[in-house]
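As C-alpha cells, the structure follows; a few thoughts come after it.
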Amino acid sequence: MNAGCPAGIGLPDERQVDPEVLASACDEIRALRPANVWLVERHAHISDPALSRAALAVAARWIASGVLPQLWPKFTSCIRSQPQGNDMLMI
C-alpha cells in the first residue's frame, strides 16, 4: 500500500475497506486529479489534529498568497448552490 494512503476507511456498518482496494482508489485519485487541484495527503483520521493542521496550512498559504479572498465569494455561493467547474480542494 502507498505510504500516503490511509490504513483503512470504515463503512457505516463498521466493516473496513479492503486495503488493496483502498490503495487502488488512492492511486486513481492521484492519477486523475486535475492539475489545478491541490492534493495534500496525510495518514490521519478525520478527528486527528494532524489533518486539521494540514487543512489550516493550506488555508494559510491561500491567505498569504491572496487566493483565499478571491475564492471566498465563490465558496459562499457554492454553499448555497452546486460547485462550479474546478471549485474544489481535496485534502
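For the sequence shown, numbering that gives the first Met the number 0 begins at 0 and goes up steadily by one.
Backbone N, C-alpha and C define an ideal beta-carbon position, used for all residues, glycine too.
Model, not experiment: these values are computed from the prediction.
query	result
Contact the segment 35 to 42 vs the segment 53 to 67: 3+ CB pairs below 8 Å	yes
Residue ranges of each alpha helix (DSSP H) within the segment 7 to 70, 4 or longer	18 to 31, 48 to 64
Cα-Cα separation, residue 87 to residue 32	Interpretation of residue 87 is limited by its pLDDT of 48, a score under 50 that renders its predicted location unreliable; the figure taken from the coordinates is listed afterwards. Cα to Cα, residue 87 sits roughly 11 Å from residue 32.
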